[in-house]
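Single-structure report; data block below.
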Amino acid sequence: MGLHPLEFSECYLDSPSFREKIKAHEAELDKTNRFIKELYKDGKNLINATKQLSLAQRKFAQCLGEFQFEYIGDAKTDDEKCIDESLQEFSAFLRNLEDQRELMMRNITETLMKPLEKFRKEQLGSAKAERKKYEKETEKYYTSLEKLLNMSAKKKEPQLQEADGAVEAMRQHFQEESLEYVCKLQEIQERKKFECVEPMLAFFQTVFTFYHQGFELANDFDHYKRALQINIQNTRSRFEGTRSEVYELMKKIKENPQEYRQTSPISSEGYLYVQEKRPPPFGSSWVKRYCTFVKEQKILHMITFDPKSGGKFGETESVTLKSCVRKTTDTLDRRFCLDIEITDRPGTVLTVQALSEDDHKFWMQAMGGKEPVNFPLSAVDAQLDEVGVNFVRSSINAIETRGINDQGLYRVVGVSSKVQKLLSLMIDEKSNDVDLAVCEEWDVKTITSALKLYLSGSPEARVQAIHCLVHKLPERNREVLSLVTKHLANVAAHSKQNLMTVANLGVVFGPTLMRPQEETVAAIMDLKFQNIVVEILIEQHEKIFGDIPSVSPSSAISPLAPTRQSKKQTRQSRPLAVYNPSVLDIHTVSPSSEFVSLTPDEASLGSNESVSSQSSTASTSETPPEKAKSPHVITSSTTTKAVYPCEAEHDSELSFQVGAIFHAVTLSREPGWLEGELEGKRGLIPENYVEIL
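Numbering-wise, UniProt numbering puts 566 at position 566 of the sequence shown, and it's gapless, one number per residue.
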């Protein structure tokens, strides 16, 4: 289990466990800060002590190999697994590279040192500053709260109202600061995955360019490098999507915090001040305790905990509730008090004080006091009837007829009022015979938005597991899912025109088809898995919906099942190629170990494919060339000749024998590949398997 997600709702409870989670996140950031400092120190040694290069580089490799990222949640995507393994990959390569070292490395300041130091100072430094601010606000708020609660109820009402208002404003400010701090912690935890790894990629290319055999090593490592770039890009994209969801959730909680206070349907939690009576003449004292009331068993658990003292735990006590009665100020000069009768000690009444009027009502409701709060009736789930199925069919028919080639299909949204109007019209049994394919009143983006909205009420296992689970759905639900995913497969088939690849559709429909039951940070973090499931449903539509599964879901899920990158090669001597995210040009290594540069437009077109859809490396029966002629400028009329045989492993690649002549050869969008025609078929050609005529 990695770091626990920090739920925004817990900012309003400020429970002991919540503070422990915050400490865990802070400790992880401190560990990352120490790691970056150590890495920075080692990098300086590599620059200044060339005679000690071997020792410094091996220590650097050891530092990389021992460090591991902590992830929020209890599962990782394939991209995160690859990122998690990347430091170990780098470490293994450095140890191998040291045995072959022929030249010294230089110029690592711009590619490694500055980005890491910038991340440490700007991101980790800002987190440290926010931490001090959060601790200061904690001290300020709870001190003011205690002063308010100790105020006599006999004071004039204007004075009480003024004091209540001041503390309420301070409470809101403290809770907002808590929300901002929690959001900052989790943002940096997610950001460091790519902020730390990207400079590593750039650094390694700096090292390899100074070796006489750098071309052969970089070419061997190129497959892994491109895969890792996509892993980082996918992780970054998911980070951006996750961050927007988190900020949206935080905004909702800020607007209506009381809706998000109840974190569990079986228990209620919060702070109460418990009166502890002492023998005369000492009177009584009030002790702050964090209380959890389990409704079914009527058990109240009380933990002595004070956030001001650094979060130290005190004694724990549990009592069984018999009754709860509101205590008036006539009998006790304190507001917001409750008398709790307990069954453990007959005749004993426990007096507790809530933190505010709203908090007082909350505990009265939770413990069955005399001022109950009526719960709103839950909404009745809509049934998937024939009208709904017809609407799905009509929408898909209209989209495929009128807008299958529209750029940004399903991503560009319609006007909310028009979407609602269309949805209301189509699910009305009296008017659901509207043919959207010919009705020009409704544009395509309105139809796609209405379809997504209709499906939004209905969360990477592998294909067999999903296959089994889909066939456990009710027949009508499975029918609609089949219609939608087949339609999305048709949309993806036109991705060259509409730019909506399987990965893009997964991002759009992941949250729509697999909406979580509740809006929490943990649910938002799982969006990446929802997108992957939808990608599988689209890519494997014919298998999943065409055949009946032969195994059960439990047996279909194997912990030893290979990841998508099943063709991952052994990399004992495989270096990284050029990778610098701040440079727009993408370079491919030419046969003479010089570089041919692609324009930014050409490079960007090939940068958005997911790992599941990227071309596999062509397998050969002979070793690729080590040396060749100097590079030529490739134009649209270039002719090339095969000097090595190649067998395609993907339908976008060409198979050929030695001596094959390719016509109309151009640079491919994918680094290391060309595009050309052979016997009337156009496809991809490995650049180092041909020579230019």
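Each residue gets a CB set at the ideal place from its N, CA and C atoms; glycine is no exception.
### Query
Can you name the start and end residues of the beta strand (DSSP E) that V349 belongs to?
Looking up residue 349 in the sequence shown gives position 349. Taken as a continuous stretch (DSSP letters only), the beta strand (DSSP E) holding V349 covers V349 to Q353.
### Task
In the DSSP assignment, find the unbroken alpha helix (DSSP H) run with E162 in it and report its ends.
To locate residue 162, count along the sequence shown from 1; it is residue 162. First-last of the alpha helix (DSSP H) with E162: E157 to F208.
#### Entry: Rounded C-alpha distance that separates A163 from G125
Walking along the sequence shown from the start, residue 163 turns up at place 163. Walking along the sequence shown from the start, residue 125 turns up at place 125. Straight-line Cα distance between these residues: approximately 36 Å.
### Task
Hey, could you find the ends of the beta strand (DSSP E) G676 is sitting in?
Taking the first residue of the sequence shown as position 1, residue 676 is located at position 676. That run of the beta strand (DSSP E) goes W673 to L678.
### Query
At which residue ranges does the region 43-114 contain complete beta strand (DSSP E) runs of 3 or more residues, listed in the order of the chain?
none
### Message
Bridge partners for C646 per DSSP, in chain order?
### Response
Counting from 1 along the sequence shown, the entry for residue 646 is found at position 646. C646 is bridged to F656.
### Message
Please report the distance separating the alpha-carbon of E357 from that of D333.
### Response
Taking the first residue of the sequence shown as 1, we reach residue 357 at position 357. Taking the first residue of the sequence shown as 1, we reach residue 333 at position 333. About 15 Å.
### Query
When the Cα atoms are used, what is the spatial distance from G165 to R335?
Here residue 165 refers to the residue found at position 165 when the sequence shown is read from its first residue. Here residue 335 refers to the residue found at position 335 when the sequence shown is read from its first residue. Whole-angstrom Cα-Cα distance: 15 Å.
### Per-residue DSSP class, three states only, for G403
For this step, residue 403 is matched to residue 403 along the sequence shown. Correct three-state label for G403: coil.
### Message
Using 7 Å as the threshold, is the C-beta distance between L674 and V665 below it?
### Response
Looking up residue 674 in the sequence shown gives position 674. Looking up residue 665 in the sequence shown gives position 665. Contact: yes.
### Message
Once DSSP output is grouped into helix, strand and coil, what is the label at A366?
### Response
Taking the first residue of the sequence shown as position 1, residue 366 is located at position 366. Helix.
### Local conformation of G2 per DSSP, three classes
Taking the sequence shown and counting its residues from 1, the one referred to as residue 2 is at position 2. G2: coil per DSSP, three-state reduction.
### Query
Where do the ends of the beta strand (DSSP E) carrying K277 lie?
The count along the sequence shown starts at 1 and reaches residue 277 at position 277. Residues S267 to K277.
### Query
In this structure, does DSSP put T446 in helix, strand or coil?
Taking the sequence shown and counting its residues from 1, the one referred to as residue 446 is at position 446. Helix, per DSSP.
### Task
Would you decide whether A492 is buried or exposed? Buried here means 16 or more other CB atoms lie within 10 Å of its CB.
Counted from its first residue, the sequence shown places residue 492 at position 492. Buried.
### CB contact flag (F305, A366, <7 Å)
For the purposes of this step, residue 305 is taken as residue 305 along the sequence shown, with counting starting at 1. For the purposes of this step, residue 366 is taken as residue 366 along the sequence shown, with counting starting at 1. Result no, Cβ atoms of F305 and A366 do not sit closer than 7 Å.
### Enclosing alpha helix (DSSP H) for S285 [first to last residue]
If you number the sequence shown from 1, residue 285 lands on position 285. For S285, no alpha helix (DSSP H) run applies; the uninterrupted beta strand (DSSP E) run containing it begins and ends at S284 to V294, by DSSP.
### Distance between S144 and L455 (C-alpha atoms, nearest Å)
The residue given as residue 455 occupies position 455 in the sequence shown. The residue given as residue 144 occupies position 144 in the sequence shown. Rounded to whole angstroms, L455 to S144 spans 49 Å at the Cα level.
### Query
Where does F221 sit, in a helix, a strand or coil, going by DSSP?
For this step, residue 221 is matched to residue 221 along the sequence shown. F221 falls in the helix class under three-state DSSP.
### Message
Taking only three categories from DSSP, how would you classify K327?
### Response
On the sequence shown, residue 327 is found 327 positions in, with the first residue counted as 1. Of the three classes helix, strand and coil, the one that applies to K327 here is strand, per DSSP.
### Query
Could you give the C-beta distance for Y134 and R171, rounded to a whole number, given that I count them as a contact under 8 Å?
Walking along the sequence shown from the start, residue 134 turns up at place 134. Walking along the sequence shown from the start, residue 171 turns up at place 171. So it is not a contact: roughly 14 Å between Cβ atoms.
### Task
Identify every run of the alpha helix (DSSP H) within the region 486-538, keeping only runs that are complete inside it and at least 4 residues long; order them along the chain.
495-498, 502-513 and 521-525
### Query
Is the CB-CB distance between V502 and I538 below 7 Å?
Reading the sequence shown from its first residue, position 502 is the one you call residue 502. Reading the sequence shown from its first residue, position 538 is the one you call residue 538. Contact: yes.
### Local Cβ density within 10 Å of E647, reported as buried at 16 or more and exposed below that
Here residue 647 is taken as the residue at index 647 of the sequence shown, counted from 1. Result: exposed.
### Message
Can you list, in chain order, the residues of its chain with a C-beta nearer than 8 Å to that of S555? Leave out the 5 residues immediately preceding and following it.
### Response
If you number the sequence shown from 1, residue 555 lands on position 555. Residue placement at S555 cannot be trusted, given a pLDDT of 44 that sits under 50; what the coordinates show is reported in the next sentence. Cβ within range, chain order: n/a, list empty.
### Query
Is DSSP giving M250 helix, strand or coil here?
In the sequence shown, counting from the first residue as 1, residue 250 sits at position 250. Correct three-state label for M250: helix.
### Query
Do T235 and F174 have their CB atoms nearer than 7 Å?
Residue mapping note: residue 235 aligns to position 235 of the sequence shown, counting from 1. Residue mapping note: residue 174 aligns to position 174 of the sequence shown, counting from 1. It is not a contact, given that the beta carbons lie outside the stated cut-off.
### Query
Taking the alpha helix (DSSP H) that V463 falls in, what are its first and last residues?
By 1-based counting over the sequence shown, the position of residue 463 is 463. Unbroken alpha helix (DSSP H) run through V463: V463 to V470.
### Query
Which term fits L693, buried or exposed, when burial requires 16 or more other beta carbons within 10 angstroms of its beta carbon?
Indexing the sequence shown from 1 puts residue 693 at position 693. Counting Cβ neighbours within 10 Å, L693 comes out exposed, since fewer than 16 surround it.
### Task
Report yes if the C-beta distance between L409 and M514 is below 7 Å; otherwise report no.
Working through the sequence shown from its first residue, we reach residue 409 at position 409. Working through the sequence shown from its first residue, we reach residue 514 at position 514. Contact: no.
### Message
Any contact between the region 236-254 and the region 174-187? By contact I mean 3 or more CB pairs, one from each, below 8 Å.
### Response
The count of Cβ pairs closer than 8 Å, one atom from the region 236-254 and one from the region 174-187, reaches three, so the stretches are in contact.
### Query
CA-CA distance, L544 and I466?
As a first step, residue 544 is located in the sequence shown; it is residue number 544 there, counting from the start. As a first step, residue 466 is located in the sequence shown; it is residue number 466 there, counting from the start. Correcting the residue type first, residue 544 is Ile in the shown sequence and not Leu. Rounded to whole angstroms, I544 to I466 spans 8 Å at the Cα level.
### Message
I'd like the span of the beta strand (DSSP E) that includes V663, first residue to last.
### Response
Looking up residue 663 in the sequence shown gives position 663. Note that residue 663 corresponds to His in the displayed sequence, not to Val. Looking at the DSSP string, the run of the beta strand (DSSP E) that includes H663 is I661 to L667.
### Task
Mark F340 as exposed unless 16 or more other C-beta atoms lie within 10 angstroms of its C-beta, in which case mark it buried.
Within the sequence shown, the letter at position 340 stands for residue 340. The sequence given here has Ile at residue 340, not Phe. It is buried - the Cβ of I340 has at least 16 other Cβ atoms within 10 Å.
### Query
According to DSSP, what are the bridge partners of L338?
Working through the sequence shown from its first residue, we reach residue 338 at position 338. In the DSSP assignment, L338 is bridged to R326 and V352.
### Message
Am I right that G2 and G65 are in contact with their C-beta atoms under 8 Å? What's the rounded C-beta distance?
### Response
As a first step, residue 2 must be located in the sequence shown, where it is residue number 2. As a first step, residue 65 must be located in the sequence shown, where it is residue number 65. Between G65 and G2 the Cβ distance is about 19 Å, and since that is not below 8 Å, they are no contact.
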